[in-house]
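Take a look at the structure below.
Number of protein chains: 2
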Amino acid sequence: MPTRLSQLFVRTLREDPVDAEIISHRLLVRAGYIRRQAPGIFAWLPLGLRVRSKVEKVIREEMAVAGAQEVLFPGLLPREPYEITGRWEEYGDGIFRLKDRKGADYLLAPTHEEVFTLLVKDLYGSYKDLPLTIFQIQDKYRDEARPRAGLLRGREFSMKDAYSFDVTDEGLDASYQLQRDAYERIFARLGLEYVIVAADAGAMGGSKSEEFLHPTPIGEDTFVRSAGGYTANVEAFTTLVPDAIPFDGLPEPTVFDSPNTPTIQTLVDLANAEQPRADRAWTAADTLKNVVLALKHLDGSRELVVIGLPGDRDVDLKRAEVAFQPAEVEAANETDFVGNAGLVKGYIGPWSATGLILGSESSTGIRFLLDPRVVDGTSWITGANIDQKHVFGLVAGRDFGSDGTVEVAAVRAGDPAPDGSGPVELERGTEIGHVFQLGRKYAEALGLKVLDENGKLVTVTMGSYGIGVTRNLALVAEANADEKGLVWPREIAPFDVHIVATGREEAVYTAAARLAAELELIGIDVLFDDRPKVSPGVKFGDAELLGVPTIVIIGRGLADGEIELWDRRSGERTPIPVHDAAQRIATEVRGA
Amino acid sequence: MPTRLSQLFVRTLREDPVDAEIISHRLLVRAGYIRRQAPGIFAWLPLGLRVRSKVEKVIREEMAVAGAQEVLFPGLLPREPYEITGRWEEYGDGIFRLKDRKGADYLLAPTHEEVFTLLVKDLYGSYKDLPLTIFQIQDKYRDEARPRAGLLRGREFSMKDAYSFDVTDEGLDASYQLQRDAYERIFARLGLEYVIVAADAGAMGGSKSEEFLHPTPIGEDTFVRSAGGYTANVEAFTTLVPDAIPFDGLPEPTVFDSPNTPTIQTLVDLANAEQPRADRAWTAADTLKNVVLALKHLDGSRELVVIGLPGDRDVDLKRAEVAFQPAEVEAANETDFVGNAGLVKGYIGPWSATGLILGSESSTGIRFLLDPRVVDGTSWITGANIDQKHVFGLVAGRDFGSDGTVEVAAVRAGDPAPDGSGPVELERGTEIGHVFQLGRKYAEALGLKVLDENGKLVTVTMGSYGIGVTRNLALVAEANADEKGLVWPREIAPFDVHIVATGREEAVYTAAARLAAELELIGIDVLFDDRPKVSPGVKFGDAELLGVPTIVIIGRGLADGEIELWDRRSGERTPIPVHDAAQRIATEVRGA
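Protein chains in written order, with the working numbering: chain B, 51 to 642; chain E, 51 to 642.
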């Protein structure tokens, strides 16, 4: 039976909701697909639920092709498994925690690695049982600090999460590839542009990880891409390390007065004025900037660490979070400086005439980590650890060492890709899928072992694969909308055809109802705008707003045996004869 | 493609899980359908999820027939709407509450009346928009004190909840009937026996309510049924009130000594010894028992109330909970008696020679409520409010009054049905569905009004209709199991056919695979036990445990062109020729 718009639980709105920042959010609310219940928490109206079910169907079909089996876990889970892997603590404020009436701790699960691991441990015990990939489509919870952009960053959202279990690393590679391939097919079917980028395995604690990013100006993530094909999100980008330079013949360091040099630029200006170079002017890239960060460790302790990086670079706190996880990172504050008298604020450097200042072996004992560009033999202008004094010609590897390198400098357009494929561009994107090789971390922590061919217990290696259902739906809406409303790809449109009957002639409504019934009979989903007292203009506006890909207008032309086919995306209207309309429309819908 | 048992994520267990009290729980765990995650919280394995999806499909189809439209609400909801209707408090310990990172209060919704009301208020504004019935199939949460019996009383469970919206009472009646009819069709399709009983509208605050109970000895509810067709759960049962009796000629009350009468029986014995009746012996039914209850009101206050009821009856605390809701009820404790010196424990009665003792107008001021059988003119033996003394011939309406009647006495087999349809029997049952006429309570509280035909704002009247998805699944399992395992009705079986290939002949496995493929091609879901190294005995045992209704055995007989059809329910095995097996099996499955 066709769905009659006069009966459908929907109301279209002419006004944008006040809290909606992006197109998809505005349109999904205005077109009556979703309604906000709380920040980042939405109810789904019939139209929205239809689209959501279709996205789920696409995912289920491709999971079946990939040989993954569906299960379903609860959203409410006990603390213990997450305690064992340390994630109960690591998630910080990012998850919802609660107690039951007996005072036992629970969480609303943000992801399910632990309990999937335990389930497989419960059921399986032999290498013969593996490989196994199981998945669920389930509502997840994250207590986001800033739920935003409608469905894009929700606090309750639907995800497909899959987990693979293998005995060998090669097995994991194969399982990983099956999911990765399935994701490519899913995004192709959703019509969602994507880039696969190397990602940091992050809090998941894995070994290899790739993100599927959808390039979009509203994206929260930044990723880099080289003409030669390198892609990575900025957290995973690694610096192309220059060769070390021989020290021979490099002049000794010279301390000089540098009053009134609060910024790198004033220091560079002073250097150019006082000690001009013959070949070129000094630039910020010739200075070594020493940035003091404070790490808040899980055990509550606070550690200062100094990052030495070229003065033309800033520390990217998101990269730093990844580099130092699970610790939290922030800029050092006044109290930190007061407590570390060895650091002369504004004039910090690794070296002073009396000895090393930075590094775990130095007088301060503060860890000193270098940007990978600061290779041995590079010479720097940097602080001399004396108020109003800097030093020229301080050579890495000769005058100072470090506790290692760290990837925390902000990535810039033009930076060389680490694989030699040329300079990178920076783009905005949103994560639409994520594939992880977790390795043995979870299986180890939770004791998931199986007997191998020789009867020996071996720890299982795992993968974890996530794809957002509701987020992807929103991104499809975002990517396909125009100023008039939603434009759904056929694969996930709430209906295949939207029939609009106009005017007041009863014959028109009868013909429209007959065509709708005919189409439903051959398996085409029809939304039938049968509202008798609504003007054609309002009906057309609603049709454009709702975004069903094929619209059929039945009105005055019917007397001459003609109706109109209206393509929502192109806007093109084509008159077609009513007598074989069903056939013609079916061809249009099925693309045959 | 048929599902191969060698690949399916399942393990059957020979041992019953230690925590499983009832058959369905034991078998669903042993057959690999579900796994416990926490008390009352389960994960669903592939077999379980298939059955669950089929139950959902039955419900969705019947909701469509009833004209209900599907939506989906979040499980995590803000406190405010529940605060307005008072349910945030009323639920007491029965719900999960939590705070987000900003300290805002949320709950995991146990039911969604408030937000459905608000959604309709948000979208609709005219009588022309109504009637409307919308529903969801969604995971609900209740923090049960004693989660038990596997899926029967879970803390996270799936429900279909529907809500109807009408302008008129007649409209509500019609919407209610549509859902009620749908429930009857659903239970018929699930093959689940049911009784529709009058129910107390209870915490939902409505005006009319019926429960669908599945009669089962493991049920938590008790209901009554008369031969004449009256049904009610005991909470909703009402007493057939006897006629009042004239006072004329009834003797005056006499106080008598009654030492050592700690029980009703000792009191009756004493009465028969000291003041024997001419016509018959005194019985417990001639005594008036005065039971002191303590009500804990929502505002935290504690009120004592005394119930006067025939001495052969006990107070049923579940009926008392309903009678006094939203207050909680418990027996009065020692402290209560200490604080109310007017009550002479063991000798409490409404009357003393010096005046009335019970009732809001009496010396104690304690509310006194009577069982409806204590009509005016009835004469009682009861406490005299003096230690070791009782009174004879205390006449209701003459010697004492009350603050009204109350339905808290335990119902007994043989009690007359209130509609005059004869004595009732008591049976155990479990609630499998509930239909409520909420009336205007929620719409009133949350301001859901629409314009009527005259342009006047009127408050909408609502219904609420719940049916448990996971609970019903468990009850179907429970009602159909035998000592060998599960026995699914075809409508919700995880597969239509379970093909078992036995022995080691490759030809057998090839033929089985061919038959499986053939059946799948004509739309029959097949589970194919293709495990090469498992004995026939184990395979048959697994088939019986898993409970697919039609089992096909392919083994040695194949050489003679014969295979076996095995009906799981009857146990009957029928040899059939392999050459037209697919056709024969299809007929069996489709019941044609």
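All C-beta atoms in this analysis are idealised placements derived from N, C-alpha and C, irrespective of residue type, glycine included.
For residue i, collect the residues of the same chain with a Cβ closer than 8 Å to its Cβ; drop the 5 residues on either side in sequence, then sort them by chain order.
{"i": "residue 612 of chain B", "result": "625, 626, 627 and 628"}
{"i": "residue 537 of chain E", "result": "530, 531, 597, 599, 618 and 619"}
{"i": "residue 97 of chain B", "result": "58, 60, 81, 82, 83, 544 and 596"}
{"i": "residue 436 of chain E", "result": "305, 394, 397 and 402"}
What's the call for residue i, buried or exposed, on a 16-neighbour Cβ count within 10 Å?
{"i": "residue 63 of chain E", "result": "exposed"}
{"i": "residue 383 of chain B", "result": "exposed"}
{"i": "residue 76 of chain B", "result": "buried"}
{"i": "residue 331 of chain B", "result": "exposed"}
{"i": "residue 619 of chain E", "result": "exposed"}
{"i": "residue 87 of chain B", "result": "buried"}
{"i": "residue 585 of chain B", "result": "exposed"}
{"i": "residue 225 of chain B", "result": "buried"}
{"i": "residue 635 of chain B", "result": "buried"}
Is the CB-CB distance between residue i and residue j below 7 Å?
{"i": "residue 212 of chain E", "j": "residue 492 of chain E", "result": "no"}
{"i": "residue 358 of chain E", "j": "residue 420 of chain E", "result": "yes"}
{"i": "residue 176 of chain B", "j": "residue 500 of chain B", "result": "yes"}
{"i": "residue 479 of chain E", "j": "residue 265 of chain E", "result": "yes"}
{"i": "residue 215 of chain B", "j": "residue 170 of chain B", "result": "yes"}
{"i": "residue 261 of chain E", "j": "residue 247 of chain E", "result": "yes"}
{"i": "residue 122 of chain E", "j": "residue 186 of chain E", "result": "yes"}
{"i": "residue 413 of chain E", "j": "residue 392 of chain E", "result": "yes"}
{"i": "residue 95 of chain B", "j": "residue 521 of chain B", "result": "no"}
{"i": "residue 434 of chain E", "j": "residue 399 of chain E", "result": "yes"}
{"i": "residue 112 of chain B", "j": "residue 232 of chain B", "result": "yes"}
{"i": "residue 134 of chain E", "j": "residue 495 of chain E", "result": "yes"}
{"i": "residue 483 of chain B", "j": "residue 517 of chain B", "result": "yes"}
{"i": "residue 56 of chain B", "j": "residue 581 of chain B", "result": "yes"}
{"i": "residue 105 of chain E", "j": "residue 519 of chain E", "result": "yes"}
{"i": "residue 290 of chain E", "j": "residue 430 of chain E", "result": "no"}
{"i": "residue 296 of chain E", "j": "residue 443 of chain E", "result": "no"}
{"i": "residue 570 of chain B", "j": "residue 348 of chain B", "result": "no"}
Using C-beta distances below 7 Å, list every residue in its chain close to residue i, excluding the 5 sequence neighbours before and after it, in chain order.
{"i": "residue 254 of chain B", "result": "Legend: pLDDT at residue 254 of chain B = 46, less than 50; position of this residue unreliable, no value from coordinates given."}
{"i": "residue 449 of chain E", "result": "303 and 401"}
{"i": "residue 458 of chain B", "result": "357, 365, 366, 369, 370 and 373"}
{"i": "residue 335 of chain B", "result": "360, 361 and 362"}
{"i": "residue 379 of chain B", "result": "343, 345, 367, 370 and 371"}
{"i": "residue 307 of chain B", "result": "438 and 439"}
{"i": "residue 276 of chain E", "result": "467, 471, 472, 473 and 474"}
{"i": "residue 556 of chain E", "result": "none"}
Considering only residues of the same chain and omitting the five flanking positions on each side of residue i, which have a CB-CB separation below 6 Å?
{"i": "residue 594 of chain E", "result": "534 and 535"}
{"i": "residue 578 of chain E", "result": "52, 54, 549 and 566"}
{"i": "residue 528 of chain B", "result": "73 and 74"}
{"i": "residue 575 of chain B", "result": "545 and 546"}
{"i": "residue 614 of chain E", "result": "603, 623 and 625"}
I believe residue i touches residue j by the beta-carbon criterion, under 8 Å. Please report the beta-carbon distance rounded to the nearest angstrom.
{"i": "residue 573 of chain E", "j": "residue 605 of chain E", "result": "So it is not a contact: roughly 26 Å between Cβ atoms."}
{"i": "residue 161 of chain B", "j": "residue 117 of chain B", "result": "Contact doesn't hold; Cβ gap of about 22 Å is too wide."}
{"i": "residue 333 of chain E", "j": "residue 320 of chain E", "result": "Actually they are not in contact, since the Cβ atoms of residue 333 of chain E and residue 320 of chain E sit about 13 Å apart, beyond 8 Å."}
{"i": "residue 194 of chain B", "j": "residue 125 of chain B", "result": "Actually they are not in contact, since the Cβ atoms of residue 194 of chain B and residue 125 of chain B sit about 16 Å apart, beyond 8 Å."}
{"i": "residue 426 of chain B", "j": "residue 294 of chain B", "result": "4 Å"}
{"i": "residue 93 of chain B", "j": "residue 200 of chain B", "result": "Not really, about 13 Å apart at Cβ, beyond 8 Å."}
Do the stretch 155–169 of chain B and the stretch 371–388 of chain B touch if we need at least three Cβ pairs shorter than 8 Å?
no
Evaluate the contact criterion for the stretch 413–429 of chain B versus the stretch 359–370 of chain B: three or more CB pairs, one atom per stretch, below 8 Å.
yes
Would the stretch 217–226 of chain E and the stretch 238–245 of chain E be scored as touching if the rule is three or more Cβ pairs under 8 Å?
no
Does the contact criterion of 3 or more C-beta pairs under 8 Å hold for the stretch 125–135 of chain E versus the stretch 147–161 of chain E?
yes
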